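Undergrad: Chains as they are written, first to last, in this note's numbering: chain A, 581 to 802; chain D, 20 to 265.
By construction, the Cβ of each residue, glycine as well, lies at the ideal position given by its N, Cα and C atoms.
Keep in mind the model is a prediction, meaning the values are calculated, not measured.
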């Protein structure tokens, strides 16, 4: 095979720095913002899903069903192309992606959190109540810390998936790793930038899963 | 001090408590005994607001937890309920220590965050209590590192750390082997000697006979017999005799 980049260190380095300038940053920021928004949102959705009130439970259940049953790529495109035709303002493409990702991942996290919350034995809540904790305190001080430990492995899975899903931002022309790779491939008549993109995703997910493992180990004190 | 009148509790169509009354006086140790399914634990859980009654009234001194008028149960406002809850402690069969907190944190968390006791003072109180239950050296351990007997003694210390006026025990030794049972019972004997007011659901007949001031024998959601242990354990009632094994 005739390599254009991988047998020439100088050109390879240039390709790497191209990705670093134009792609890795966007991928990482989409990843980080999505996590920061969808984790807390997922918790709220989980609580809504477990509510005793049907008026909260049913719409939330439908929301989760909707988000998990349609392709994320389609959701991204609908929010970017369709929503501005209904709403009076135009959405910046970057924020459209963040919005789509956040509400999509919140649905997945909600189901994970629900399982984690329900896995905390009922006796823990009862002990909290007889000790005089308010309902909010029982949740924040007793249930939630134990939930975090339960859900860590499943959350790690989602985190790894999210790193890869950021590639869908390329469908609305956000210059992240995937789009940069495609452009380089088209411009230079070689598929090597795809190979490079793959290596970068591997590195990013290597870091992400190590961080998750570290967090899991930190939670293993009991 | 604690008064329950005509307590009814149904699970579905089934009546678990059929109008039970119970009075507990200050400094008294009351043992609730009876076969499994007789409603002892349910009664205790109603007293601790873990179950809502379907009829009857509960009072702590002059505070009314719930009352029934024209067949409608009325519970006190949330503030009153918490006030009552804080004056009562509860020890569970399955300990229910918080696994993510150290032993010391298990003890001080509620005093600090519920009663707003200054942290230093709560720690002082907690250490004294751990010393009392013979576990002063376990303060920094986590619940999973403890034996069942140690865990239950920590649970008792945790309940005491809020300085309740009444301590309820729901089969505190049923999950323990005979040796560990003895170390927990020793702690409870010590509390009785200090005139702690206690309501104990138990299958430990020795404890009921030797430590309690009054024994309530329950079956099928009703009180069969009630009286000082000497009377109940020498009862002429055939059902009581059969149960206490004489």
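Strictly below 8 Å CB to CB, what residues from chain A border residue 118/D?
TA: Result: 726, 802.
Undergrad: The region 89-106 of chain D: which residues have C-beta closer than 7 Å to a C-beta of chain A, in chain order?
TA: Under the 7 Å Cβ criterion, the region 89-106 of chain D contributes 101, 104, 105.
Undergrad: Using a Cβ cut-off of 9 Å, pull out every chain D residue sitting near residue 707/A, in sequence order please.
TA: Those are 109, 111, 114, 115, 116, 117, 174, 177, listed as they occur along chain D.
Undergrad: Between residue 182/D and residue 638/A, what straight-line distance do the alpha-carbon atoms span, to the nearest angstrom?
TA: Cα-Cα distance, rounded: 44 Å.
Undergrad: Can you tell which of 132/D, 220/D, 184/D, 150/D has the C-alpha that lies nearest to the C-alpha of residue 720/A?
TA: Nearest of 132/D, 220/D, 184/D, 150/D to residue 720/A, Cα basis: 132/D.
Undergrad: Could you pull out every residue in the same chain whose Cβ sits closer than 8 Å to the Cβ of residue 25/D, ignoring the five residues on either side in sequence?
TA: Closer than 8 Å at the Cβ level, and outside the excluded window around residue 25/D, lie 38, 39, 40, 74, 75, 76, 87.
Undergrad: Can you tell me whether DSSP reads residue 752/A as helix, strand or coil?
TA: Three-state DSSP puts residue 752/A in a helix.
Undergrad: Whose CA, out of 258/D, 217/D, 100/D, lies closest to the CA of residue 44/D?
TA: Of the listed residues, the one whose Cα sits closest to residue 44/D is 217/D.
Undergrad: Is residue 128/D close to chain A, meaning its C-beta is less than 8 Å from at least one C-beta of that chain?
TA: Yes, because at least one Cβ of chain A sits closer than 8 Å to the Cβ of residue 128/D.
Undergrad: Going along the region 63-80 of chain D in order, which residues come within less than 9 Å of chain A, judged by CB to CB distance?
TA: Correct list: 64, 67, 68, 69.
Undergrad: Taking only runs that begin and end inside the region 100-137 of chain D, name each unbroken beta strand (DSSP E) of 3 or more residues, in chain order.
TA: Runs found: 107-110.
Undergrad: Buried or exposed: residue 213/D, going by 16 or more other Cβ atoms within 10 Å of its Cβ?
TA: That one is exposed.
Undergrad: Mind checking residue 98/D: buried by the 16 CB within 10 Å criterion, or exposed?
TA: Classification for residue 98/D: exposed.
Undergrad: Residue 622/A and residue 689/A - do their beta-carbons sit closer together than 8 Å?
TA: Their beta carbons are under 8 Å apart, which means residue 689/A touches residue 622/A by this criterion.
Undergrad: Count the other CB atoms within 10 Å of the CB of residue 249/D; is the residue buried (16 or more) or exposed (fewer)?
TA: Residue 249/D should be labelled exposed.
Undergrad: Taking only the alpha-carbon atoms, compute the straight-line gap between residue 162/D and residue 726/A and give it to the nearest angstrom.
TA: So the two alpha carbons sit approximately 14 Å from each other.
Undergrad: Around the Cβ of residue 764/A, are there at least 16 other Cβ atoms within 10 angstroms (buried) or fewer (exposed)?
TA: Residue 764/A comes out buried.
Undergrad: Counting along the chain, where does the beta strand (DSSP E) carrying residue 71/D start and finish?
TA: Taken as a continuous stretch (DSSP letters only), residue 71/D belongs to no beta strand (DSSP E), as it is neither H nor E.
Undergrad: Candidates 141/D, 137/D, 169/D: which alpha carbon is nearest residue 152/D's?
TA: Among 141/D, 137/D, 169/D, the Cα nearest to that of residue 152/D is on 169/D.
Undergrad: With 16 as the cutoff for other CB atoms within 10 Å, does residue 616/A come out buried or exposed?
TA: That one is exposed.
Undergrad: What residue range does the alpha helix (DSSP H) around residue 83/D cover?
TA: Careful: residue 83/D lies outside any alpha helix (DSSP H), inside the beta strand (DSSP E) at 82-88.
Undergrad: Which word fits residue 159/D, buried or exposed, when buried means at least 16 other C-beta atoms lie within 10 angstroms of its C-beta?
TA: It counts as exposed.
Undergrad: For residue 181/D, which residues in chain A fall below 8 Å Cβ to Cβ?
TA: Result: 711, 712.
Undergrad: With DSSP as the reference, label residue 30/D as helix, strand or coil.
TA: It is a strand residue.
Undergrad: DSSP has residue 217/D in a bridge; who is on the other side?
TA: 48/D, 186/D, per the DSSP bridge assignment.
Undergrad: With the cut-off set at 8 Å, would you say residue 176/D and residue 199/D are in Cβ contact?
TA: Cβ distance not < 8 Å, so residue 176/D and residue 199/D don't count as in contact.
Undergrad: When you compare the CB positions of residue 687/A and residue 660/A, do they come within less than 8 Å of one another, or not?
TA: Their beta carbons are not under 8 Å apart, which means residue 687/A does not touch residue 660/A by this criterion.
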